[in-house]
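Undergrad: Have a look at the structure that comes next, please.
Residue numbers (this note's numbering): 42 to 100.
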């Protein structure tokens with residue numbers, strides 16, 4: 042209702058999505074906390090390589 046009173050209509054979708062965002066943050070925090078004890082030296086790497094560098098090799 043604060044968005045409506047102040048006429049910040051562009052913030053309404055973000056306000057409605059905040060609980061979903063909090064759920065994702067909670068999931069990531071719990072996953073990290075559990076992995077701290079189950080896989081303390083494990084590194085989850087992100088696969089890169091969608092772009093190629095100058096030599097034509099994946100980044």
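For each residue, glycine too, the CB sits at the ideal point set by N, CA and C. Every value quoted in this text rests on a predicted model; they were computed, and no experiment measured them.
If you reduce the DSSP assignment to three classes, tell me which class residue 50 lands in.
TA: Of the three classes helix, strand and coil, the one that applies to residue 50 here is helix, per DSSP.
Undergrad: For residue 84, name the three-state secondary structure that DSSP assigns.
TA: The answer is coil: DSSP assigns residue 84 none of H, G, I, E or B.
Undergrad: If you drop the 5 nearest sequence neighbours on each side, which residues of the same chain put their C-beta closer than 7 Å to that of residue 52?
TA: So the qualifying residues of the chain are 44.
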